[in-house]
Amino acid sequence: MKVNLFYMGFLLLSFALSYGQVDRTKKPEPQPTPKLTLPSIQHAALPNGLKVMLVEHHELPTVQIQLVFQTGAANDLAGKAGVANLTAQMVREGTARRTSLQIADDLEFIGANLNVNSSTDATFASLLTLKEQLVAALDVYSDVLRNPSFPENEWNRVKKTHLTGLMQQKDQPVVVANNVFAGLVYGSNHPYGRPTEGTDASVNAIALDDLKSFYQENYLPNTATLIVVGDVTLKEVMPMVENNFGAWKSEAVVTPTFSAVPRIDSTHLYLIDKPQAAQSEIRIGHVGVARNTEDYFPLQVMNAILGGQFTSRINLNLRESKGYTYGARSGFAMRKEAGPFLAQAGVKSAVTDSSVIEFMKELRGMCDADVTQKELDFAKNSLVRAIAQGFETPAHISGQLTNLVLYNLPDDYFNTLVQNYEKVTVADVRRVSQKYLHPTSMNIVIVGDIALIKAGVEKLGFGKAMVLDADGKKVN
Amino acid sequence: MYKKIFFALLLVFAARNVLNAQVNLKFVEYNLPNGMHVILHQDKSAPIVSQVVVYHVGSKNENPDRTGFAHFFEHLMFEGSPNIPRGEFFKMVQNAGGELNAFTSFDKTVYFITMPSNQLELAMWMESERMLQLKIDSIGIETQRGVVKEERRQGIDNRPYGSILEQTFSHSYKVHPYRWTPIGSFQYIDQATYDEFRQFYKSFYLPNNACLVIAGDIDIDKTKEMINKYYGGIPKGTGEIFRPKEVEPPQKAEVRDTVLDNIQLPAVIEAYHMPAQGTKDYYALSMLTTLLSGGESSRLTKRLVDKEKIALAVQSIPFDLEDPSLFLLFGIANFGKSPKDIEASIQEEIEKVKTGTIADNELTKIRNQQETSFIEKNSSVQGKAIELANYHVFFGDANLINSEIDKFMAVTKEDLRRVAQHYLTEKNRTVLYYIPKTKVQ
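Written out as structure tokens, the structure is:
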């Protein structure tokens, strides 16, 4: 009996340990949804108006800092596009206490990374450092942000390098397509119509004094928020913030003005010649919508169905069904003001016209018919269930907080994400498609080999193509 | 006397400024009876989990008349299985709120799925399905043939300087399969057949040629059970797994060539043969690249970009490869400057390393830079999972995720000088000038 029990036990054990006993035909069901602990945001401020947001994250011995100023390239002077961008490059090229190389050397000596850049809407200064070097890193960081000296010799070098970079961009079909598209949609008087890097002409028109003025008017504590994520507490950080930024003076801020966007009433076709191009870079779109739109969530769901993901209609059609491209997508660049809606791909030259047909079919499809409940549920699931991934590392969290700051969203914004996505209906998707997609008045921009593609795309019913150069100027 | 004190102070200063942030990442590892190596790492900081499978096969396992094959095959791994219909693979992961992707290099093919942690079992089922019973058909093959060709056009043919890797490796290797790159050529992408894919799958996509890593919000015991369930029953391969045996003979004379490209600014590329990853000299050469081009205060950047203003950018890169590899130097000429100017200045800086001195704080600086980048690499669960697999497959020691930094820190000034003298020689290099096509016409 005992022996038998022993054997039975052995048999059971061996069964439990045997490998691969699984019904493979059944897709596994998920476990209960894990609890997502959203970052707890702590707030503080200095008397000069500098706001501080901090999230403790003690998994790694690092600190990620991001200072967000609420103005950027939209404040570039007329005819001088590139000022914000060049100012951001120049602040680290010398201060009252350090030369350009000393700044680089001091940072690299402690293994810290510092980056300053401007978008159209804002200016960002980021610092990543090991916690043990935080004091030394902040010393360089605040020196760069508060005491830049804009040395003449560095300016000559930076300007020349920048102009060379602009020249190089003309070899990059992706950059040419994006810039020409933005210029056509917004016009050069609108901040979103100008490349933040500027153009040959605008950069040549910029003098060092322009950068100094831009710095004085835009790098201000009263418009700024310092986002700190990492292995620190507010109690530890605030004395350092006070030390480094306390004496910084606040000033009145110039709010940029945005001119009206020219409207178009039919679809226009533009070609930029790139002889012997290996692919055609296609951009299709128009003015979209600002980030503060009340339709943010329906739009996110709609675009997830249309072209925001690998499994969206556009990519499944152009890549996975037709094999025309390595990837095709669409998206709304939501900014402080209405950024562009854009559908795009790099496609095989011979199928340039067919690709435009498929793009237009998918765009019309969103407006002409309801999406299925299955598609809607799929899109909502993918968005809702991916939320946790957006908060994984200090860099992710810092990015999330940057959005709160830029678009003036409440601290509990993240807590309401799930319910906001869940609310979206099939009817909402149809409504926002019809409201924000305009398939009959698109700007179609293609950078490619005109000899191969022109005849084909001119047969699509959008009339003759206008041929432009890499700067978006008409070619005769 | 005064001098001595000064020297002592300097030493203290240097020693105190060496960073000492430590990573101590815990993991468990074991083999399944079918030969698959498993590594588990728990990190509950976010409710997500990353599953990574590294197959020890890359472009160097290809036939010379089927270049690009391993990468093409990687695309087919998303086609499905008897239980996952074609087109569903991406959808299942995306519907679960996950992300997935894969990449193919010279030595390996890496698949990763990152999911909310309650969906781990789904990720395991999917990954084990395609390891056990991948299903491909001619529709999938023909579609992906088109996609892969567009990937090549987008990444290489339609991008300025896009062919650098291909040109450098094809000029530097005569015998070893590193002479072609993972993207391969159109000609062979066109010729790949269904039967060849089946054969490739049977030869390389085996549990005993794979390393599985699960990292993130997991319960170790439950995860082990799940792994037994899904991966345990996958049969071990019986044949020997093909590994290329070719040894690249030492280069006897400098190789020099010109490449015409759709670019505005000329560029120069120098490639020196160097030992495989994990060797002592590899660590010294890695540190040397930081000395030369790690940041704005590095020697080459400071000189060529800041002072002489002859280069728009300079970069040196040690290629981390399983077999003897390349140490790459790359500089784009500033407007109106020639590759010759750049080459001359690079050469002078190399000579300075060979014969000159390296200051204490310069060594400390590159150590600190190395240390920060080491910590940054391990910030996401997916990053950690890929690193763990890589250390196991190519170094036989997953714990290098904690200790490899010591090998970088052990590099001395003398090592830097020695490897520069030994490897950065004229006959050991290939020099390519990239010249704008328009200039030639």
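Protein chains in written order, with my numbering: chain R, 3 to 478; chain G, 182 to 622.
Cβ coordinates follow ideal geometry from the N, Cα and C atoms, glycine included.
- Inter-residue Cα distance where the pair is G/Trp306 and G/Val328: 26 angstroms
- Query: Of all the CB atoms in chain G, is at least one closer than 7 angstroms to the CB of R/Ser314?
  - Reply: no
- For R/Asp173, which option in R/Val243, R/Lys276, R/Ile359, R/Glu322 has the closest C-alpha, if you only look at C-alpha atoms? R/Lys276
- Query: How is the beta strand (DSSP E) around G/Phe508 delimited, first residue to last?
  - Reply: 506–514
- Can you round the beta-carbon distance between R/Ile446 and R/Val358 to whole angstroms, since I take them to be within the 8 angstroms contact cut? 6 angstroms
- Indicate the three-state DSSP secondary structure (helix, strand or coil) for R/Ile67 in the structure shown. strand
- Message: Check this for me: beta carbons of G/Leu507 and G/Phe516, under 7 angstroms apart or not?
- Response: no
- Query: In three-state terms, what does DSSP make of R/Leu470?
  - Reply: strand
- Message: Can you check whether the C-beta of G/Ile444 is within less than 7 angstroms of a C-beta belonging to chain R?
- Response: yes
- Closest by C-alpha distance to R/Gly96, when choosing among R/His164, R/Pro412, R/Leu130, R/Val146: R/Val146
- For G/Ala277, does the three-state DSSP call read helix, strand or coil? coil
- Provide the residue span of the alpha helix (DSSP H) that contains G/Ile364, from first to last. Element bounds for G/Ile364: n/a, residue is neither H nor E.
- The alpha helix (DSSP H) enclosing R/Ser356, as first and last residue numbers: 354–370
- Task: Check whether the Cβ of R/Ser384 lies closer than 7 angstroms to any Cβ atom in chain G.
- Result: yes
- For G/Thr290 versus G/Tyr236, is the C-beta spacing smaller than 7 angstroms? yes
- Contacts around R/Pro441, its chain only, beta-carbon distance under 7 angstroms, and the 5 residues preceding and following it disregarded: Met362, Leu365, Arg366, Cys369
- Touching by the beta-carbon criterion (3+ pairs, under 8 angstroms), the region 480–492 of chain G and the region 420–431 of chain G: no
- Might you give, ordered along the chain, the residues of its own chain that have their beta carbon closer than 6 angstroms to the beta carbon of R/Pro150, omitting 5 neighbours on each side? Val93, Thr97
- Stretch pair the region 289–298 of chain R + the region 338–349 of chain R: three plus CB contacts closer than 8 angstroms: yes
- Proximal residues of chain R, C-beta to C-beta of G/Ser561 below 7 angstroms: Glu394, Thr395
- Query: Within the chosen definition, does the region 243–254 of chain R reach the region 413–432 of chain R through at least 3 CB pairs nearer than 8 angstroms?
  - Reply: no
- Query: Among the residues of its own chain, which have a CB less than 7 angstroms from the CB of R/Gly232, if the five just before and after it don't count?
  - Reply: His59, Thr64, Val65, Gln66, Lys133, Pro396
- Taking the runs of the alpha helix (DSSP H) that are 4 residues or longer, which of them lie wholly in the region 365–396 of chain G? 367–372, 375–385
- Item | Every unbroken alpha helix (DSSP H) inside the region 90–124 of chain R [4 residues or more] | 102–111
- G/Met217 and G/Ala396: beta carbons closer than 7 angstroms? no
- If you draw a straight line from the C-alpha of G/Lys272 to the C-alpha of R/Thr257, how long is it? 44 angstroms
- Query: Apart from the five residues just before and just after R/Val70, which ones in its own chain have a Cβ nearer than 7 angstroms to its Cβ?
  - Reply: Ala124, Phe126, Ala226, Thr227, Ile229, Thr404, Val407, Leu408
- Message: Rounded to the nearest angstrom, what separates R/His192 and R/Ala453 at their Cα positions?
- Response: 33 angstroms
- Backbone CA spacing between G/Asn198 and G/Thr545 [nearest angstrom]: Here G/Asn198 scores only 46 on pLDDT, less than 50, and its place in the model is too uncertain to base an answer on.
- Proximal residues of chain R, C-beta to C-beta of G/Thr324 below 9 angstroms: Arg321, Glu322, Ser323, Lys324, Gly325
- Item | Secondary structure of R/Lys476, DSSP reduced to three states | strand
- Query: Thinking C-beta only, is G/Asp338 closer than 7 angstroms to R/Ala280?
  - Reply: yes
- Message: Taking the alpha-carbon of G/Pro447 as reference, which of G/Glu435, G/Gly279, G/Ala514 has the nearest alpha-carbon?
- Response: G/Ala514
- Message: I'd like to know if G/Gln232 contacts chain R, where contact means its C-beta is closer than 7 angstroms to some C-beta of that chain.
- Response: no
- Message: Let's see if you can read the secondary structure: which residues bound the beta strand (DSSP E) around G/Pro297?
- Response: 290–297
- According to the neighbour-count rule (16 or more other Cβ atoms, all chains shown, within 10 Å of its Cβ), is G/Val574 buried or exposed? buried
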